[in-house]
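Sequence lines, in order, name chains A and B.
If you're matching positions, the first sequence starts at 1 in my numbering and goes up one per residue.
If you're matching positions, the second sequence starts at 1001 in my numbering and goes up one per residue.
There are 2 protein chains.
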Amino acid sequence: MSTTTPASTDVQTAAMAELRQIVGPSGWSTDADILAIHATDWTGARFASTPLLLKPASAHEVSQIVGTCRAAGLKIVPQGGNTSLAGGSVPTGDGIEIVVNLSRMNRVREIDTFNDTMTVDAGCILSSLQEEAERVSRLFPLRLASQGSCQIGGNIATNAGGTNVVRYGNTRDLVLGLEVVLPDGRILSGLRGLRKDNTGYDLKQLFIGSEGTLGIITGAVLKLFPRPTAIGTAICALPDLASALDVLSLCKEKTGGQVTAFELMPRQGLELVFKHFPAQRFPLAKLHDWQLLIEFSSSEDEAYQQERIEAVLSEAFENGWIVDAAIATSIDQSRAFWGLREGLAQADMMEGALVSGDVSVPLSAVPDFIEQCSAEVLALIPEGRVVAFGHLGDGNIHYGLLQPEKMTAAEFLVHEPSVKEVIYRHALSAGGSTSAEHGLGSLKNEAVKTYRGDVDHDLMVAIKAAIDPHWMFNPGKVLKRDNA
Amino acid sequence: MSTTTPASTDVQTAAMAELRQIVGPSGWSTDADILAIHATDWTGARFASTPLLLKPASAHEVSQIVGTCRAAGLKIVPQGGNTSLAGGSVPTGDGIEIVVNLSRMNRVREIDTFNDTMTVDAGCILSSLQEEAERVSRLFPLRLASQGSCQIGGNIATNAGGTNVVRYGNTRDLVLGLEVVLPDGRILSGLRGLRKDNTGYDLKQLFIGSEGTLGIITGAVLKLFPRPTAIGTAICALPDLASALDVLSLCKEKTGGQVTAFELMPRQGLELVFKHFPAQRFPLAKLHDWQLLIEFSSSEDEAYQQERIEAVLSEAFENGWIVDAAIATSIDQSRAFWGLREGLAQADMMEGALVSGDVSVPLSAVPDFIEQCSAEVLALIPEGRVVAFGHLGDGNIHYGLLQPEKMTAAEFLVHEPSVKEVIYRHALSAGGSTSAEHGLGSLKNEAVKTYRGDVDHDLMVAIKAAIDPHWMFNPGKVLKRDNA
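Below, the structure is given as structure tokens:
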């Protein structure tokens, strides 16, 4: 892939000097090594270079940056923790792209425990916000693998999901207000912490999940929740995959929706965990084809909660929906249960090359999706190993195919496009999504046209053109301008 | 106000014949009495007339209607149950406006209890959907006064709130997918029931709360929730208004967010309830300046829940945050508690003319807002009677001023604009909203420009112009074209 930058005009060179002045001496870099880091995403992918990294310290500076870039025909790549898995936060080679990194805007502006809100800069690291909430006896429930380095602005721009969606929803559900710098340089000041507000179009919704293509998020008002005091974790073995749905319904019904995680763990995946992490222990007598990891959380007293979990699992057992179960009796044991779940992705990576799709389907369609998709990918690569695990509670299955033991990675990866085509086709025909969590970025910017269809595509392009007529913000992401 | 319709051209007359054909004999009316009903909203306001009422039976028919209207330069007023309180669902006199009423599209298309979703036509009556959910042991939590006649399409178009927002959010939070007919006549087919989907802009968000100005909603996928089995209701007396916030925080913390309603009831309001409904009984020894009605719901066993409510109220009492409390011990008693709350609005209306604002503020700002706003409105009308009650749990206070006993309604209503100005100004300076629940409709279509400011206004106009360039859908609502 090209990593060259188009030559800049005199006007653009002058503009870049102006940009450096806007952010001051500690707010920019042209150091080649630093620029390379900020032009390379989490997956190591690099598509193009940037001549200038800016780290503004305020929404006002971002606004000035946008004005200068606009006048000079420069493009802007908004960047948070740069943990995109879809090439969403790095230059792609469409014009001269200035990276505007929000990391210096990392202040918690206000915490209001009566309103249960937290007003924060976009550059705050997710884990630091979890800690801030904890400090005032509240929960900020967004939880994801990259939480130690991703920034809340990026989480909002990509509508991040994670492990607690079954209970608390995606990032979109956690945002009450946004401050956004628009492509015309004006600041949309929407940092309202209101639970009810129907004064015209809900503009913040446009920017949530738009991956920086419509505006640069500089601040947000986030919802806080009561911090659960009792957390219960169980591992259950299923007689078959379809029973998982009955177990979930029962758990939700009997606990009033206190299910905070509902994760699927397959035999094949766990066998790889035990192979690569031999210290891991399995709490049931034997491995079954399908296991669930279930977490409940509440403010009930622990004994009462434990009794309820036992009662619901007993009922599931009597109904024949589970065949074995273990409930964690200590925090250490709960961590060990989660260690199995977290080991699944790592063990896959250690085992070899993986072709996977970030798909979701309606929950009721999960068993058929896995069965039918597996039949077709295994017809394609008979000795491939299906790995299907993850957030069953919200229909978000990490579905992939691991390289056959008898193939090299390179031999296997030749089939990547055809395997992905099968995965996406089955997800779509089940009424699902071809990008459940990671967004489209630059790697999937054909997806809207291919999978969502012309009506969706044309409407998205109309919105993009109305708000960012010069396609200045995050070029090459979400939509392909060539298609517009 | 004018109730005349501009004369139609020959092209338009021909188009109206075509429209009647699209919907067939049982799908239209030109009967003057029927047209008058559909041109008059819930408040009795009537601004203009319509020459034709259409009741399409499918999204396809709606699409054809839009195509015909577009070609002939006719405007469309989408209409559900016509229960708008803001002049949002009736013609306003901007061109020739055809009312497209969705009531014939009233089918539940699918219920998926594993996915916890319900796919419905836009014309389904809200209460019928509550019953459908109940039938499959689920909860559809949207609850509002007009639920027996309002339609879900209208609820979605106005992002309706109601009494359960503190627990379940507004209508926006209850929608997973939408089917929408666009101003170009195409159908946006987004009836996906997915909990995670990040394939480009979340287009449905544009239409939720846009009051029919961007698209005609014809179908929706709605979220279902576990049905609570234990419901506890309490009335508490407060030492002062500020303590209400402490009580709410404590209730949320100690029950893990199981507060489903948190309503404020003032002395003055309850005195009017007892005056106009003498059969009503008050469960505490005496009336205090401020009372709370609190409802908890869960799937716990009833005895356990009752103990928890007693424990949390005891703690509030020990902390000096409440001075008296009664917990309902039967469903009848719970209904009686709610009767007091529901009587507040009715008693106000029976007592005389009321000038009120549909405002919300951050919860932490509620006490100061009420105090400061009251000082100023009472300086204006010294013998006016402040009524401030309602959904404190989401900062949505029904704040109004009741006519002084010594004034006639007419004398009092002369002051309506200045009283409203005070209410809105105080709501805004507290970081609040001038339309919490009812939307802008045609009565508040200056509000975006006046209260939200130019950046918000211009962005809304850009979106409107991009999606509905001829301002064909629901003219005169949300935005004033003259301002654009």
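For each residue, glycine too, the CB sits at the ideal point set by N, CA and C.
Using only the alpha-carbon positions, how far apart do residue i and residue j sit?
| i | j | result |
| --- | --- | --- |
| residue 12/A | residue 67/A | 13 Å |
| residue 434/A | residue 211/A | 16 Å |
| residue 415/A | residue 62/A | 44 Å |
| residue 3/A | residue 47/A | Here residue 3/A scores only 49 on pLDDT, less than 50, and its place in the model should not be relied on; the value that follows carries that caveat. Their backbone Cα atoms lie some 6 Å apart in a straight line. |
| residue 364/A | residue 240/A | 14 Å |
| residue 1476/B | residue 359/A | 42 Å |
| residue 1089/B | residue 1460/B | 20 Å |
| residue 1472/B | residue 1020/B | 19 Å |
| residue 26/A | residue 457/A | 41 Å |
| residue 291/A | residue 264/A | 6 Å |
| residue 493/A | residue 184/A | In the structure as shown, chain A starts at 1 and stops at 484, and residue 493/A therefore has no counterpart that could be examined. |
| residue 1110/B | residue 1219/B | 11 Å |
| residue 450/A | residue 423/A | 14 Å |
| residue 1132/B | residue 1289/B | 41 Å |
| residue 407/A | residue 1165/B | 55 Å |
| residue 306/A | residue 57/A | 48 Å |
| residue 1036/B | residue 1105/B | 22 Å |
| residue 284/A | residue 339/A | 15 Å |
| residue 33/A | residue 8/A | 20 Å |
| residue 72/A | residue 1257/B | 51 Å |
| residue 92/A | residue 190/A | 30 Å |
| residue 1101/B | residue 1080/B | 6 Å |
| residue 1417/B | residue 1393/B | 28 Å |
| residue 1315/B | residue 1282/B | 23 Å |
| residue 441/A | residue 357/A | 14 Å |
| residue 1354/B | residue 397/A | 55 Å |
| residue 1342/B | residue 1149/B | 18 Å |
| residue 1297/B | residue 140/A | 23 Å |
| residue 1380/B | residue 120/A | 39 Å |
Here's a check: name, in chain order, each residue in its chain whose Cβ is nearer than 7 Å to the Cβ of residue i, leaving out the five neighbours to either side.
| i | result |
| --- | --- |
| residue 410/A | none |
| residue 18/A | 68 |
| residue 1300/B | 1230 |
| residue 482/A | none |
For residue i, list the residues DSSP reports as bridge partners.
| i | result |
| --- | --- |
| residue 1277/B | For residue 1277/B, which the question treats as bridged, DSSP gives no partner whatsoever. |
| residue 1399/B | 1357/B and 1388/B |
| residue 266/A | 290/A |
| residue 216/A | 181/A |
| residue 138/A | 226/A |
Please return the same chain residues whose Cβ sits closer than 8 Å to the Cβ of residue i, not counting the five positions on each side in sequence.
| i | result |
| --- | --- |
| residue 313/A | 234, 236, 322, 325 and 327 |
| residue 430/A | 361, 362, 365, 368 and 369 |
| residue 213/A | 464, 468, 473, 474, 477, 478 and 479 |
| residue 1320/B | 1239 and 1243 |
| residue 174/A | 140, 141, 142, 168, 222 and 223 |
Beta-carbon within less than 6 Å of residue i's beta-carbon, same chain only, minus the 5 sequence neighbours each way: which residues are those?
| i | result |
| --- | --- |
| residue 1510/B | Look at the range of chain B in this structure, 1001 to 1484, and you will see that residue 1510/B is not part of it. |
| residue 1167/B | 1260 |
| residue 170/A | 159 and 161 |
| residue 1038/B | 1053 and 1099 |
| residue 1/A | Legend: pLDDT at residue 1/A = 42, less than 50; position of this residue unreliable, no value from coordinates given. |
| residue 1014/B | none |
| residue 1484/B | 1461 |
| residue 130/A | 140 |
My guess is that residue i and residue j are in contact by the Cβ rule of under 8 Å, so how many angstroms apart are they, rounded?
| i | j | result |
| --- | --- | --- |
| residue 377/A | residue 432/A | Not a contact, Cβ separation roughly 16 Å. |
| residue 138/A | residue 224/A | 4 Å |
| residue 123/A | residue 151/A | 5 Å |
| residue 387/A | residue 395/A | With a Cβ gap of about 17 Å, residue 387/A and residue 395/A do not count as contacting. |
| residue 1209/B | residue 1181/B | At roughly 17 Å, the Cβ-Cβ gap does not stay under 8 Å, so residue 1209/B and residue 1181/B are not in contact. |
| residue 1187/B | residue 1059/B | 5 Å |
What I want to know is whether the C-beta of residue i ends up closer than 8 Å to one or more non-hydrogen atoms of the ligand FAD.
| i | result |
| --- | --- |
| residue 412/A | Looking at this structure, you won't find the ligand FAD or any other ligand, since it has none at all. |
Which of the residues in the stretch 381-393 of chain A, read from start to end, lie with their CB under 9 Å from any CB of chain B?
391 and 393
Contacting positions in the stretch 1103-1118 of chain B - beta carbon closer than 8 Å to chain A:
1112, 1113, 1114, 1115, 1116 and 1117
Counting only Cβ-Cβ distances shorter than 7 Å, please list the residues of the stretch 1237-1248 of chain B near chain A, keeping chain order.
1245
In the stretch 250-261 of chain A, which residues sit with their C-beta less than 7 Å from some C-beta in chain B, listed in chain order?
Against chain B - using a Cβ distance shorter than 7 Å - the residues of the stretch 250-261 of chain A are 252, 253, 254, 255, 256 and 257.
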